[in-house]
Amino acid sequence: MAILLGVLAPFQLFNDIVLRIGRGIAVVCIAAMVIAILLQVFFRYVLGNALPWPEEAAIFLMLWMTAVIAPSAYRRGGFVALEILTAALPKKGASALALVLLLISGVVLMIGAQMGLGEMTSLAGKFKSASLKYPTADGWEKMPNSWQIASLVTGLCLLFIVNIELILRNLITLAGGEDRLRSALDTELTVE
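Using the working numbering, the first residue of the sequence shown is number 3, and each one after it goes up by one.
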């Protein structure tokens with residue numbers, strides 16, 4: 003039990019810190035998305051001259067917002083809920099079922115991250131955005147699509163790390179140490 007708790011502690015600390023930063027990034031992404039969309043609406047419908055970049059920028063921001071906020075939702079049980087089945091099972095049975103589902107999820111997340119990394123470094127990642135550019139010392143460069151695909155890889159890697167924490171928490175629960183765990187709902191969801 004002490005070994006499991008010792009292994010769990012760094013994962014909890016990492017997730018506490020990184021997911022808090024992710025929630026802050028998600029707030030900034032949402033605000034920037036709203037600004038880009040409002041700007042596009044103004045230029046398209048008021049001035050009658052649509053800008054080429056706001057829609058693609060909003061999609062880029064949405065991808066990154068999802069990548070950095072999804073692990074917080076997953077950590078709090080926001081994705082997988084088999085409440086009818088788990089309510090019908092005894093506590094140990096529900097924990098065993100949750101452990102099996104977490105292990106399956108871990109495999110899927112790992113495969114997804116590997117596939118995303120493959121896409122990021124393949125031909126698809128080498129293409130450039132049609133309208134998004136970033137400044138360099140030599141002028142403006144078109145943004146590579148690999149930056150968008152990197153959001154998938156980042157999100158899946160963060161979800162995998164959260165998944166490891168959830169597996170460890172479940173193993174501790176199965177071993178009878180649930181009372182020694184901090185509640186997942188105790189995690190502060192603010193960004194300050």
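Beta carbons: idealized from backbone N, C-alpha and C, even for Gly.
Classification of residue i by the beta-carbon crowding that lies within 10 angstroms, buried from 16 upward
{"i": "T175", "result": "buried"}
{"i": "L49", "result": "exposed"}
{"i": "F129", "result": "exposed"}
{"i": "A69", "result": "buried"}
{"i": "V164", "result": "buried"}
{"i": "W66", "result": "buried"}
{"i": "A38", "result": "buried"}
{"i": "I106", "result": "exposed"}
{"i": "Y136", "result": "exposed"}
{"i": "L87", "result": "exposed"}
Rounded straight-line distance, which links the Cα of residue j to that of residue i
{"i": "L170", "j": "A96", "result": "15 Å"}
{"i": "A4", "j": "P56", "result": "52 Å"}
{"i": "V232", "j": "L7", "result": "Missing from the structure shown is residue 232; the chain here goes from 3 to 194 and no further."}
{"i": "A100", "j": "K144", "result": "45 Å"}
{"i": "L119", "j": "A28", "result": "22 Å"}
{"i": "E85", "j": "L91", "result": "10 Å"}
{"i": "T123", "j": "S153", "result": "13 Å"}
{"i": "E121", "j": "I151", "result": "7 Å"}
{"i": "L158", "j": "V20", "result": "14 Å"}
{"i": "V36", "j": "A177", "result": "47 Å"}
{"i": "A34", "j": "G26", "result": "12 Å"}
{"i": "A11", "j": "W142", "result": "45 Å"}
{"i": "L104", "j": "A98", "result": "10 Å"}
{"i": "A75", "j": "A139", "result": "39 Å"}
{"i": "I71", "j": "L15", "result": "17 Å"}
Beta-carbon contacts of residue i that lie in its chain and below 7 Å, excluding the five residues immediately before and after
{"i": "F162", "result": "G108, L111, M112 and A115"}
{"i": "I32", "result": "M67"}
Cβ-Cβ separation, residue j to residue i (assumed contact under 8 Å), whole Å
{"i": "F45", "j": "N51", "result": "6 Å"}
{"i": "P73", "j": "G24", "result": "7 Å"}
{"i": "E58", "j": "S131", "result": "6 Å"}
{"i": "N172", "j": "R77", "result": "No, N172 and R77 are not in contact; Cβ-Cβ is about 13 Å, not under 8 Å."}
Identity of the residues DSSP links to residue i by a beta bridge
{"i": "T138", "result": "G141"}
{"i": "P146", "result": "K130"}
Residues near residue i in its chain [Cβ-Cβ closer than 8 Å; skip 5 each side]
{"i": "E180", "result": "I174"}
{"i": "L134", "result": "W55, E58, A59, F62, K144 and M145"}
{"i": "F13", "result": "I163, I166, E167 and L170"}
{"i": "Y47", "result": "none"}
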